[in-house]
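Just below is one structure, and these are the notes that go with it.
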Amino acid sequence: MERITSFSVDHTKLTKGIYVSRIDGNLITYDIRMTDPNVEPALEPKAAHTIEHIGATLLRNGNYKDKIIYFGPMGCMTGFYLIVKELDLKIVNNLIKDVFRQIAMWNQDIPGAKAKECGNYRFMDLNEAKKAAAYFIDSTWQHEYHYL
Ligand SMILES: [Zn+2]
């Protein structure tokens, strides 16, 4: 089998930041890399799940809600995938900073964290989610380039 493109990116050279990962027609996949891969600790899975619930809720209620296709965690727990319709890197950069700032200050119930709404609703850690979001937006991450 062929090695897929995302495994061809040298993860030892990646740092925190937002990257254009793929462009498929008018759909753009962004990698929101929250920690330096293999150098810093990855996200706690419960924190990632919590960020997914709050982040998806904010993105799907915000100014660009009609452009949001998907938001979810990377299996390696170093960040998130965001798939959008025709939103450029500058807009996504500001949008993500805004969303993660709100996650870092979240003081309400976690959206969708009920048995009826989620397949593992107890698998949440709001404090860790807030810490991880704050760490991400506080760090210097000006690596907004394509790795295509
Ligand atoms: Zn869930």
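Residue 77 is where the sequence shown starts when you use my numbering, and the numbers rise one by one after that.
Yeah, the Cβ is synthetic: ideal placement off N, Cα and C, and Gly gets one too.
These figures come from a predicted structure and were not determined experimentally.
Query raised in the report: What number of angstroms, rounded off, separates the C-alpha of L165 from the C-alpha of N196?
Result: Your numbering for residue 165 matches position 89 in the sequence shown. Your numbering for residue 196 matches position 120 in the sequence shown. Those two C-alpha atoms are separated by around 32 Å.
Query raised in the report: Could you give the residue range of the beta strand (DSSP E) that holds I145?
Result: Here residue 145 is taken as the residue at index 69 of the sequence shown, counted from 1. Run containing I145: 144-149, per the beta strand (DSSP E) assignment.
Query raised in the report: What are the boundary residues of the beta strand (DSSP E) that includes I159?
Result: Position 83 of the sequence shown, counted from the first residue, corresponds to residue 159. 155-161 is the extent of the beta strand (DSSP E) around I159.
Requested in this report: Would you list the one or two residues that DSSP bridges to L103?
Outcome: As a first step, residue 103 must be located in the sequence shown, where it is residue number 27. L103 is bridged to D100, K161.
Query raised in the report: Do H125 and ligand 1 come close, with the Cβ less than 7 Å from some heavy atom?
Result: Stepping through the sequence shown from its first residue, residue 125 is reached at position 49. Flag set: Cβ of H125 near ligand 1.
Query - With 16 other Cβ atoms within 10 Å as the buried cut-off, status of L224 - result: Translated into positions along the sequence shown, residue 224 becomes position 148. Any reading at L224 must be qualified, since the residue scores a pLDDT of 48, below 50, and its modelled position is unreliable; no value is offered.
Query raised in the report: If you draw a straight line from the C-alpha of K190 to the C-alpha of M77, how long is it?
Result: Taking the sequence shown and counting its residues from 1, the one referred to as residue 190 is at position 114. Taking the sequence shown and counting its residues from 1, the one referred to as residue 77 is at position 1. K190 and M77: Cα-Cα distance of roughly 40 Å.
Query raised in the report: Since G131 is in the alpha helix (DSSP H), which residue starts that stretch and which ends it?
Result: Walking along the sequence shown from the start, residue 131 turns up at place 55. Residues 121-135.
Query raised in the report: Touching or not, the stretch 148-156 and the stretch 109-116, by the rule of three or more beta carbon pairs under 8 Å?
Result: yes
Requested in this report: State yes or no: is the C-beta of I145 within less than 8 Å of the C-beta of V160?
Outcome: By one-based count along the sequence shown, residue 145 stands at place 69. By one-based count along the sequence shown, residue 160 stands at place 84. Contact flag set, yes.
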